[in-house]
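Single-structure report; data block below.
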Amino acid sequence: IKDITKFNPDAFVLFEAKNLAGHLDGLGYDVVQFKTRNQASGNVAILVRKNLVLTKRGKLKMTRFWKGPKLGIIQDPRIYRFVKIKKNGVVWKLGGFHYPFGQKPRRESIMATRAWFLATKTRRPVIALMDANLRKSAVKGNVADPVDADIAGEDVDLTVYKNCGLVTQHAIGTRGSDHPAYRSVFRKVRHARKVL
């Protein structure tokens, strides 16, 4: 975590983070997750720098259980976290999506992600950080294209974003995780006014 915070990001998303509940305080970030391991928290945590305005926090809870490919046992439905952050007068919507395995629960996750994008009817920037457990082409065809969004990253750690532009992105290493961490910088896109 300290390797990530040294970049002083505005916000970042952690996957496989269930066992970190209650251990992420003191880093200078607001932590969007339940604080005790006795509560069903999913495994996604979002950290937002404390000097930013956190205008909303919420979660999407799936209804379908799923079977882990390695554990071979039935897993609880996934919980996806999202926040709205205000910076320089612009409200940014950021979510963390960690798709399960299995056709039906994964389809439910895809539909929920699409609905989450489409719920933002304004031109606010929307960014979904994803451990999709899907190839990039599948995420592009099933998630990004149907909501007219762009995609960045590599299999299977991807970013789907809309109403903003990707300035730069680079991997900052795995640091013990099974997936690489990425540092991405986005900018608000200025929309041209229509001329009659």
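Each residue of the sequence shown is one higher than the one before, starting from 356 at the first, in my numbering.
The C-beta atom is built at its ideal place from N, Cα and C for all residues, glycine as well.
If you're wondering where the values come from, they're calculated on a predicted model, not measured in any experiment.
Backbone secondary structure at residue i - three-state DSSP
i	result
Ile428	coil
Arg542	strand
Ala483	strand
Phe367	strand
Ala372	coil
Ile359	helix
Asp512	strand
Asp380	coil
Phe437	strand
Ile401	strand
Gly413	strand
Thr418	coil
Leu521	strand
Val445	strand
Which listed residue (the options) has its alpha carbon closest to that of residue i
i	options	result
Ala504	Gln524, Ile482, Asn363, Ser492	Ile482
Asp512	Ile428, Ser539, Thr475, Gln430	Ser539
Phe472	Val502, Gly423, Arg461, Ser464	Val502
Gly381	Thr475, Asp365, Pro480, Thr360	Thr360
Arg469	Val494, Arg542, Thr477	Val494
Leu484	Val386, Tyr435, Ile465, Thr514	Thr514
Phe437	Gln430, Arg462, Gln388	Gln388
Thr475	Leu449, Pro535, Arg433	Leu449
Identity of the residues DSSP links to residue i by a beta bridge
i	result
Ala526	Tyr537
Chain D within 8 Å of residue i, Cβ atoms only
i	result
Arg462	Structure shown: chain D not included; a single protein chain is present.
**OP:** Decide if the region 438-445 is in contact with the region 508-518; the criterion is three or more beta carbon pairs, one per stretch, under 8 Å apart.
**Re:** Pairwise C-beta distances place the region 438-445 out of contact with the region 508-518, as fewer than three of them are shorter than 8 Å.
Original post:
Are the region 476-495 and the region 448-466 touching by the rule of at least three beta carbon pairs closer than 8 Å?
Top reply: Short answer: they touch.
**OP:** List in chain order: all unbroken alpha helix (DSSP H) runs of 4+ residues lying wholly within the region 447-508.
**Re:** Complete alpha helix (DSSP H) runs here, min 4: 458-473, 491-494.
Original post:
Do the region 417-424 and the region 514-524 make contact, defined as three or more Cβ pairs closer than 8 Å?
Top reply: Short answer: they don't touch.
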